[in-house]
Amino acid sequence: MRFNCSGLFNEFQKTRKPDNFLPITSAVLAAAIAVYGVKMIFSSKNPRKSDFKSYRVIPTPPGSLFYFGHTLSLGNMPAHKITEWHKELGPILRVKIGVQDWIFIGDSTMAHDIFTLEANLTSYRPHFMFDNAISSESERQVAFAEKDIKWDDIRTTILDILSPSSLKGFDATLQEEARVLVEQLIKRTQRHGSVDPLPFIQYNLTNVILSVTFGNSCVKSPNDTVYKCIMGLSRTNLHCIGIFNNTVGFFSIPSYLNIFSRERRKMRDYTNKVCYPMVQKLLKNARESSRDNLVKKIDLLKEEYGVDEKNTTLIMSEILATDIETVCSTTAWMFALLCHCPEVQRKLAREIDNFIGKHYRVPTFEDRLELPYYCAVQKECLRIRPPVYFGVPCKASKDFVYRNYLIPKGSILVSNIHALHNDEYAFTEPEKFIPERFLHDTHTMHARAHGRFENRDHFAFGWGRRMCPGILLAENKLFNIVAMIVVRCTIEPVLTSKGQVIYPNLTDIRNEGATVVPGPFQLRFIERDDRLIV
1 MRFNCSGLFN
11 EFQKTRKPDN
21 FLPITSAVLA
31 AAIAVYGVKM
41 IFSSKNPRKS
51 DFKSYRVIPT
61 PPGSLFYFGH
71 TLSLGNMPAH
81 KITEWHKELG
91 PILRVKIGVQ
101 DWIFIGDSTM
111 AHDIFTLEAN
121 LTSYRPHFMF
131 DNAISSESER
141 QVAFAEKDIK
151 WDDIRTTILD
161 ILSPSSLKGF
171 DATLQEEARV
181 LVEQLIKRTQ
191 RHGSVDPLPF
201 IQYNLTNVIL
211 SVTFGNSCVK
221 SPNDTVYKCI
231 MGLSRTNLHC
241 IGIFNNTVGF
251 FSIPSYLNIF
261 SRERRKMRDY
271 TNKVCYPMVQ
281 KLLKNARESS
291 RDNLVKKIDL
301 LKEEYGVDEK
311 NTTLIMSEIL
321 ATDIETVCST
331 TAWMFALLCH
341 CPEVQRKLAR
351 EIDNFIGKHY
361 RVPTFEDRLE
371 LPYYCAVQKE
381 CLRIRPPVYF
391 GVPCKASKDF
401 VYRNYLIPKG
411 SILVSNIHAL
421 HNDEYAFTEP
431 EKFIPERFLH
441 DTHTMHARAH
451 GRFENRDHFA
461 FGWGRRMCPG
471 ILLAENKLFN
481 IVAMIVVRCT
491 IEPVLTSKGQ
501 VIYPNLTDIR
511 NEGATVVPGP
521 FQLRFIERDD
531 RLIV
């Protein structure tokens, strides 16, 4: 397949540079503030009829400014600041994001009650300018689409094709791709002394998702046009759905003052002219492939759930867009954490070597019951360094009362995953990497996320009806990569020519739209002399 995507993607990338992304001139800003001020004057003459005095007041941090709210106080990593406010003011906060009131939830019981038990009221989505920039209102991504009968059918289709029974049979594919990745990391280390693992993880995970979803790992190199298109789709999507990228919505900028229309057009052009045609060609090839794949599975469900070709394109685009970067971030964090913990690596190697000695093969994901320490390490990695810090925002469909707090209709509700995972009442010494806290639990994260609330291990995959549907595929891929790494090699810090040891900086956390990723780092992947598998 040939796609002329690089020029258009490069043009889109230019709009994301800081100098271009916020070109708000003083005149436009003044006009927007004036419009908002007039709106506030008129709205103040029509107060709500609800008697607010009878309800508890949701705490609000100090420092809110007219029109800007708390936005200027959030810094480069908003989750850290909001978690700080949770510690000062409590588990529920009302934060002014521009002119909007956002309610952040930093307690797991509250989050469960609001997003799961009250799902009929809180499964709706706010309008996001950037989401609608890449797809029309009638074609919004499943993550952002309004809850209705069609959304239920499409989500049910996704859950079906990503279910445990549907994913059975892909073990050989996942293991082979993991073997290729480990081989690349070892050889790169041997040739250059160290390696930045992130590009190799991205490239490998792209082939994994292509193999499973479309039955063809057609990407041959990072320069492949298909690979560039997929990464462009993924990065565009993550940029668009990052909850603090919705500048137009935050500041209630009228359409006639909207200076972001150029970026909006770029994103929509890139998606419609490059990404969707690429996905449609991948769909065609998947149906012609002799290999099993998820496209064939979704075709079997089309009639049952009323899914047409446009829906199929959107579903597969979303799987491509959301799966790669989140699993890539998780894998990179896991490598960095293991580099800092050689004793954890030794325990993992012992456990997996014992399995190989017993069964004469490398374990698959279905063998995890015999690998309790691996299960604990995986869960602790996702707890201490999740790939996302916030759940995707929800919107209250009508007024409701929770613990005598009034949640008004239209309120934007967000779970603060960073706060939940650093709750000292739920996790002793949450700032420390302690896999043993999960040693009792070998259930999959998929099972825990869909099971009883009190048994949940962490909250990186969301809540209720808006929970990530790809949990099982994500943890399956992560299992195969890490298991193959541990079987073949050790992850070690960089050693300079002067003998200086350089470890990954675990506090260098970067905000990439919807995900959080580690800053750039190098590692050494050193083959084990005592490995049981050559």
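So the sequence shown is numbered by full-length UniProt numbering: it starts at 1 and just counts up by one. We treat Cβ as the ideally placed atom computed from N, Cα and C, and that holds for glycine.
DSSP beta-bridge partners of residue i
| i | result |
| --- | --- |
| Ser415 | Ile105 |
| Thr490 | Ile526 |
| Ile407 | Phe400 |
| Gly98 | Gly98 is not bridged to any residue. |
| Ile92 | Ile105 |
| residue 553 | What is shown of the chain runs 1 to 534, which leaves residue 553 out entirely. |
| Leu294 | None; Leu294 has no bridge partner. |
| Phe390 | Asn416 |
| Gly75 | Partner(s): none; Gly75 has no beta bridge. |
| Gly69 | Leu65 and Ile97 |
| Leu495 | Val501 |
| Arg56 | Tyr405 |
Through-space distance from residue j to residue i, alpha-carbon basis
| i | j | result |
| --- | --- | --- |
| Phe244 | Arg510 | 14 Å |
| Thr271 | Tyr227 | 15 Å |
| Ile92 | His86 | 7 Å |
| Pro342 | Phe68 | 47 Å |
| Ile241 | Arg125 | 12 Å |
| Phe479 | Leu294 | 20 Å |
| Glu118 | Ala474 | 27 Å |
| His446 | His359 | 26 Å |
| residue 546 | Lys297 | Only positions 1 to 534 of the chain appear in this structure, which leaves residue 546 out of reach. |
| Gly464 | Thr116 | 4 Å |
| Val99 | Val219 | 45 Å |
| Lys302 | Ile161 | 12 Å |
| Asp292 | Ile209 | 13 Å |
| Phe200 | Cys328 | 10 Å |
| Val487 | Thr156 | 37 Å |
| Asn237 | Gly519 | 20 Å |
| Ile533 | Lys81 | 47 Å |
| Ser290 | Met278 | 20 Å |
| Ala79 | Asp423 | 14 Å |
| Thr225 | Cys275 | 11 Å |
| Gly470 | Leu159 | 8 Å |
| Tyr428 | Gly215 | According to the sequence provided, residue 428 is Thr. The question's Tyr does not apply to it. Going from the Cα of Thr428 to the Cα of Gly215 covers about 44 Å. |
| Ser234 | Glu431 | 30 Å |
| Val307 | Glu318 | 15 Å |
| Gly410 | Thr312 | 30 Å |
| Thr71 | Met484 | 44 Å |
| Ile324 | Phe104 | 27 Å |
| Leu89 | Ile58 | 9 Å |
| Thr60 | Ile97 | 12 Å |
| Asp367 | Glu454 | 25 Å |
| Pro222 | Tyr203 | 6 Å |
| Asn285 | Ile154 | 22 Å |
| Val362 | Ala178 | 12 Å |
Reduced DSSP secondary structure (H/G/I, E/B, other) of residue i
| i | result |
| --- | --- |
| Glu512 | strand |
| Tyr503 | coil |
| Val534 | coil |
| Lys395 | strand |
| Arg385 | coil |
| Tyr124 | strand |
| Arg287 | helix |
| Arg361 | coil |
| Thr223 | Checking the sequence shown, residue 223 turns out to be Asn, not Thr. Here Asn223 sits in coil by DSSP. |
| Gly232 | helix |
| Phe170 | coil |
| Leu371 | coil |
| Asp308 | coil |
| Asn354 | helix |
Heavy atom of the ligand SAM within 6 Å of residue i beta-carbon
| i | result |
| --- | --- |
| Val344 | Of the ligands one can find in the structure shown there are none, so the ligand SAM has no counterpart to examine. |
Next item on the list: Tell me, please, whether the segment 415-422 touches the segment 379-391 by the rule of three or more beta-carbon pairs shorter than 8 Å.
Entry: Enough Cβ pairs lie closer than 8 Å, so yes.
Margin query: Just to confirm the assignment: which complete beta strand (DSSP E) runs, minimum length 3, are found wholly within the segment 412-474?
Written below: Runs of the beta strand (DSSP E) inside the segment 412-474: 412-415.
Notebook entry, point to check: Unbroken alpha helix (DSSP H) runs of length 4 or more, entirely within the segment 174-203: which are they?
Noted result: Counting whole runs of 4 or more residues, the segment 174-203 contains no alpha helix (DSSP H) stretch at all.
Note to self: When you compare the segment 374-387 with the segment 449-464, are there three or more beta-carbon pairs, one atom per stretch, that lie closer than 8 Å?
What the structure shows: With contact defined as three or more Cβ pairs closer than 8 Å, the segment 374-387 and the segment 449-464 are in contact.
Check: Counting Cβ pairs closer than 8 Å, one from the segment 516-526 and one from the segment 188-203, do we hit at least three?
Finding: Between the segment 516-526 and the segment 188-203 there are three or more C-beta pairs closer than 8 Å, enough to call the two in contact.
Checklist line | Any 3 or more C-beta pairs closer than 8 Å across the segment 496-514 and the segment 397-413 | finding: Touching, no, given that fewer than three Cβ pairs across the two stretches are closer than 8 Å.
Check: Would you say the segment 330-344 touches the segment 437-457, given that touching needs at least three Cβ pairs under 8 Å?
Finding: Remark: fewer than three beta-carbon pairs, one from each stretch, lie closer than 8 Å, so the segment 330-344 and the segment 437-457 are not flagged as touching.
Checklist line | Cβ contact (3+ pairs, closer than 8 Å) linking the segment 368-379 and the segment 342-358 | finding: Contact between the segment 368-379 and the segment 342-358 is present, because at least three Cβ pairs lie under 8 Å.
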